[in-house]
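Here the structure comes first, spelled out in structure tokens, and everything after it is commentary.
Residue numbers (the working numbering), protein chains in the order written: chain W, 1 to 327; chain Y, 1001 to 1113.
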């Protein structure tokens, strides 16, 4: 199966789009519940106040379908990406309460996937605008140059950060250095992402940057951006895992595996389900345990595990907290 | 279409240089503020629940973006849905742990210390 021919999007972009669908499903599930928000409420554009609430409830259902159906149908990703991106952006425009940079960025990526015309540079430009915008806003902020912001964030707000460990009483010169490094990294990422030959460097540096923020803040900052930037970086990467064809075994298991795959490169073979489970990968056939281990060690599984790790990082504490409250 | 899409975003970054709320200017975590909203109607103090129901935001807490996001929400509410209710509001805030100030409504004035 050639993903490019079937849905007009390349494997990296399909992966990005599906990761963003999961982002809406797991992190912004309120958007797909028609009764979560009373919209419109304090819209950015005043005429949106005239739109009846029922229209938003219908749109919530449409959004829910547009992020779930692609996992089942495995086609029309461009259309579903465009619908979900536009709907999320429309929701944000309909209420200042719903605004967030990470969600707006996710919506922008989805819209761009919908408008994709064969040029990956649109994703590069989108990432560049984000980093340059973030850098420019910080460059004009005095508190980023004199260390006040960093010292306050890491010293007073985020408890348990490495900064507190190394500088328990605050150290303005360290805060200034961290602030300048952050601005410099954002500026450089914004520039170098536009140059294709630096793609690998930008992806590595970007993931290190967001990962570093997670480490310095003891995991309390940038997890959403880590998720979204991971998805965004895949869109500009040359990520092309080898196709895996599943043969035999349980039909239901095959169905689940092909639906969980974010890359659309795990496909069901035509062999009889009564046969022993096997996979075909790079002209080789693996059977039984060897097939499972090949599957688990595949790039498809690695990508899936990465996004599940980030989702679990956010959701497990939330669920645990609710369970504790119930008990 | 794509060009227009990016142009709007670039415009957002430029407008953000002159607009303190910086909603669509790609400015995550540029400042962090602690704030408290107090509201009075006909001399009566509005409860925390009433404030939360009114503006759909916490009456006090932390804002991870510009404090003007919060002020913008309250100002827009009072200029639209809450018009004519004669509510007096004070938002006290501290930006980045050092810059304190208050914003009052209906005067729509800042008192930066």
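All residues carry an ideal CB built from backbone N, CA and C; glycine is no exception.
Which listed residue (the options) has its alpha carbon closest to that of residue i
i: residue 1081 of chain Y; options: W:46, W:322, W:30, W:269; result: W:46
i: residue 1034 of chain Y; options: Y:1108, Y:1059, Y:1001, Y:1113; result: Y:1059
i: residue 113 of chain W; options: W:201, W:76, W:137, W:92; result: W:76
i: residue 1074 of chain Y; options: Y:1004, Y:1043, Y:1089, Y:1065; result: Y:1089
i: residue 287 of chain W; options: W:278, W:293, W:295; result: W:278
i: residue 118 of chain W; options: W:326, W:258, W:155, W:78; result: W:78
i: residue 276 of chain W; options: W:284, W:291, W:184, W:177; result: W:291
i: residue 208 of chain W; options: W:82, W:222, W:159; result: W:222
i: residue 1079 of chain Y; options: W:297, W:42, W:249; result: W:42
i: residue 304 of chain W; options: W:22, W:10, W:8, W:9; result: W:22
i: residue 8 of chain W; options: W:172, W:115, W:230, W:190; result: W:115
i: residue 126 of chain W; options: W:205, W:200, W:191; result: W:191
i: residue 226 of chain W; options: W:163, W:307, W:201; result: W:307
i: residue 97 of chain W; options: Y:1057, Y:1100, Y:1112, Y:1065; result: Y:1057
i: residue 103 of chain W; options: W:49, W:31, W:187; result: W:31
i: residue 1083 of chain Y; options: Y:1061, Y:1067, Y:1054; result: Y:1054
i: residue 1032 of chain Y; options: Y:1093, Y:1065, Y:1025; result: Y:1065
i: residue 143 of chain W; options: W:180, W:214, W:156; result: W:180
i: residue 24 of chain W; options: W:38, W:50, W:80, W:74; result: W:80
i: residue 1013 of chain Y; options: W:322, W:136, W:248, W:38; result: W:136
i: residue 17 of chain W; options: W:62, W:172, W:74, W:258; result: W:74
i: residue 1017 of chain Y; options: W:166, W:86, W:138; result: W:138
i: residue 1049 of chain Y; options: Y:1042, Y:1037, Y:1043; result: Y:1037
Check whether residue i and residue j have beta carbons under 8 angstroms apart
i: residue 1039 of chain Y; j: residue 1069 of chain Y; result: no
i: residue 241 of chain W; j: residue 265 of chain W; result: yes
i: residue 107 of chain W; j: residue 120 of chain W; result: no
i: residue 1028 of chain Y; j: residue 232 of chain W; result: no
i: residue 84 of chain W; j: residue 59 of chain W; result: no
i: residue 128 of chain W; j: residue 193 of chain W; result: yes
i: residue 195 of chain W; j: residue 237 of chain W; result: no
i: residue 148 of chain W; j: residue 1096 of chain Y; result: yes
i: residue 244 of chain W; j: residue 164 of chain W; result: no
i: residue 150 of chain W; j: residue 185 of chain W; result: no
i: residue 262 of chain W; j: residue 254 of chain W; result: no
i: residue 52 of chain W; j: residue 234 of chain W; result: no
i: residue 1030 of chain Y; j: residue 141 of chain W; result: yes
i: residue 44 of chain W; j: residue 228 of chain W; result: no
i: residue 26 of chain W; j: residue 257 of chain W; result: no
i: residue 57 of chain W; j: residue 40 of chain W; result: no
i: residue 1101 of chain Y; j: residue 1108 of chain Y; result: no
DSSP bridge partner residues for residue i (one or two, in chain order)
i: residue 1111 of chain Y; result: Y:1102
i: residue 1086 of chain Y; result: Its beta-bridge partners do not exist; DSSP assigns none.
i: residue 1040 of chain Y; result: Y:1045, Y:1088
i: residue 1033 of chain Y; result: Y:1063, Y:1095
i: residue 281 of chain W; result: W:244, W:284
i: residue 268 of chain W; result: W:246
Any chain Y beta carbon closer than 8 angstroms to residue i
i: residue 288 of chain W; result: no
i: residue 321 of chain W; result: no
i: residue 152 of chain W; result: yes
i: residue 181 of chain W; result: no
i: residue 41 of chain W; result: yes
i: residue 330 of chain W; result: The displayed coordinates of chain W run from 1 to 327. Any statement about residue 330 of chain W would go beyond what the structure contains.
i: residue 148 of chain W; result: yes
i: residue 1 of chain W; result: Confidence at residue 1 of chain W is low in this model, with a pLDDT of 44, below 50, so its placement is unreliable and the value that follows should be read with caution. Cβ-Cβ to chain Y under 8 angstroms: no for residue 1 of chain W.
i: residue 115 of chain W; result: yes
i: residue 7 of chain W; result: Note that residue 7 of chain W scores a pLDDT of 47, beneath 50, so its modelled location is shaky; the value from the coordinates is reported in the next line. Answer no: the Cβ-Cβ gap between residue 7 of chain W and chain Y never drops below 8 angstroms.
i: residue 122 of chain W; result: yes
i: residue 209 of chain W; result: no
i: residue 104 of chain W; result: yes
i: residue 99 of chain W; result: yes
i: residue 111 of chain W; result: yes
i: residue 264 of chain W; result: no
i: residue 278 of chain W; result: no
i: residue 261 of chain W; result: no
i: residue 130 of chain W; result: yes
Closer than 8 angstroms to chain W by CB, residue i
i: residue 1113 of chain Y; result: no
i: residue 1010 of chain Y; result: yes
i: residue 1015 of chain Y; result: no
i: residue 1028 of chain Y; result: yes
i: residue 1105 of chain Y; result: no
i: residue 1022 of chain Y; result: yes
i: residue 1056 of chain Y; result: yes
i: residue 1002 of chain Y; result: yes
i: residue 1093 of chain Y; result: no
i: residue 1072 of chain Y; result: yes
i: residue 1097 of chain Y; result: yes
i: residue 1032 of chain Y; result: yes
Q) Which parts of the stretch 61-141 of chain W are runs of the alpha helix (DSSP H), unbroken and 4 residues or longer, counting only runs that do not cross its ends? A) 77-93, 101-114, 121-139
Q) Fully enclosed by the stretch 184-235 of chain W, which alpha helix (DSSP H) runs are 4 residues long or longer? A) 199-216
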